[in-house]
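Colleague: My questions will all concern the structure given below.
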Amino acid sequence: MSSIETDLDGIRMESIRAINELQKPKLLLILSGKRKSGKDYIEQLLIERYPNKILSFRISAPIKHEFASRNGLNYEELLSSSQYKESFRKQMVEWSESVRKQDPHYFLRLSILDSYRKNNGNERPIWILNDARRPTDLQYFEPNENEINLNNNNCKRLTIRIQSDDSVRTNRGWKFTAGIDDQTTECGLDEFHDWNYRINNNGTKDELIEELSPIFNEINMAINQNIP
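Read left to right, the sequence shown gives residues 145 to 372 (this note's numbering).
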């Protein structure tokens with residue numbers, strides 16, 4: 145076993161142990177969508193509507209953090225939309241894919257734990273995964289997945305696909321880029337059709353709020369479970 149594999153295995157075991165000790169949510173929302181479909185905007189709307197109730201996490205954050213740490217790079221620049229990030233994108237994608245081949249859930253675990261720490265360990269009844277991109281991201285939270293074991297808290301799991309027309313995404317600044325928009329990170333869930341909800345985000349904020357009304361109802365029910 146290589147030193148890299150040994151390192152990953154040690155982090156894997158520690159992160160599994162740490163996640164097992166967390167208080168699990170009453171409701172998990174798994175968001176998925178193409179670039180510029182509005183995932184971040186919807187996440188922010190939910191956080192603003194339910195302050196101190198939501199723990200949100202993104203798989204991309206620990207990828208950039210660990211890649212920067214391992215290579216002596218500027219983490220904040222990697223988070224931005226700068227040319228600095230673009231110059232390392234291909235190398236970062238190749239590295240993260242090599243890690244995923246050894247452990248598909250490596251970065252997902254880290255994203256949960258990092259978000260929990262940033263919230264000072266405060267428990268939240270609602271969890272949101274902002275950027276599900278692969279079938280393995282969904283599989284991690286399935287009811288029969290013993291590693292995280294959401295069943296212990298009777299957690300309800302909802303998968304949500306955010307949809308926007310290409311013309312709308314273009315107006316938001318999207319431009320098709322070969323090597324990005326045709327890769328697993330953007331297309332990995334195109335063949336998954338069993339979404340609990342599909343949210344169309346082509347119109348105004350008011351129209352989006354109306355689209356999200358069933359999600360609000362789900363959140364309200366989950367929060368009310370915590371009220372004695």
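Even for Gly, the Cβ is constructed at its ideal location relative to N, Cα and C. Please read these numbers as outputs of a predicted model, since none were measured by experiment.
Whole angstroms is fine: what's the gap from S231's alpha carbon to V243's?
Modeller: The residue labelled residue 231 in the question sits at position 87 within the sequence shown. The residue labelled residue 243 in the question sits at position 99 within the sequence shown. Cα-Cα distance, rounded: 20 Å.
Colleague: For the pair the region 253-272 and the region 196-215, tell me if three or more CB-CB distances fall below 8 Å.
Modeller: Enough Cβ pairs lie closer than 8 Å, so yes.
Colleague: Within 10 angstroms of its Cβ, does A276 collect 16 or more other Cβ (buried), or is it exposed?
Modeller: Position 132 of the sequence shown, counting from 1, holds the residue named residue 276. Under this definition A276 is a buried residue.
Colleague: With respect to the alpha helix (DSSP H) encompassing Y341, which residues constitute its N-terminal and C-terminal limits?
Modeller: In the sequence shown, residue 341 corresponds to position 197, counting from 1. Where Y341 is concerned, there is no enclosing alpha helix (DSSP H), although the beta strand (DSSP E) it sits in stretches over Y341 to N344.
Colleague: Is it true that the region 154-163 meets the region 305-316, where meeting means three or more beta-carbon pairs spaced less than 8 Å apart?
Modeller: No, the region 154-163 is not in contact with the region 305-316.
Colleague: The beta strand (DSSP E) with L172 in it runs from where to where?
Modeller: Numbered from its first residue, the sequence shown carries residue 172 at position 28. That run of the beta strand (DSSP E) goes L171 to G177.
Colleague: Output the residue ranges of the beta strand (DSSP E) runs that lie fully inside the region 194-256 and measure 3 residues or longer, sorted by chain position.
Modeller: Here the runs fully enclosed are 198-201.
Colleague: Which residues share a DSSP beta bridge with L302?
Modeller: As a first step, residue 302 is located in the sequence shown; it is residue number 158 there, counting from the start. DSSP lists L173 as partners of L302.
Colleague: Is it buried or exposed for I163, if we count other Cβ within 10 angstroms and need 16 for buried?
Modeller: For the purposes of this step, residue 163 is taken as residue 19 along the sequence shown, with counting starting at 1. Label assigned to I163: buried.
Colleague: Identify which residue in R193, L166 and K180 has its Cα closest to the Cα of V312.
Modeller: If you number the sequence shown from 1, residue 312 lands on position 168. Among R193, L166 and K180, the Cα nearest to that of V312 belongs to K180.
Colleague: Looking at C-beta atoms only, is the number of pairs between the region 169-180 and the region 265-275 that lie closer than 8 Å three or more?
Modeller: Judged by Cβ distances under 8 Å, the region 169-180 makes contact with the region 265-275, as three or more pairs qualify.
Colleague: Quick test of your reading: Y194 and I353, contact by CB under 8 Å. State the CB separation rounded to the nearest angstrom.
Modeller: On the sequence shown, residue 194 is found 50 positions in, with the first residue counted as 1. On the sequence shown, residue 353 is found 209 positions in, with the first residue counted as 1. Not confirmed; about 14 Å, so no contact.
Colleague: Would you please verify whether the beta carbon of I292 is less than 8 Å from any beta carbon of chain D?
Modeller: The chain inventory of the structure shown lacks chain D, comprising one protein chain alone.
Colleague: Helix, strand or coil: how does DSSP classify I272 here?
Modeller: Residue mapping note: residue 272 aligns to position 128 of the sequence shown, counting from 1. Reduced to three states, the DSSP call for I272 is strand.
Colleague: Report yes or no: do the region 320-339 and the region 187-201 share at least 3 C-beta pairs separated by less than 8 Å?
Modeller: Because the criterion of three Cβ pairs below 8 Å is not met, the region 320-339 and the region 187-201 do not touch.
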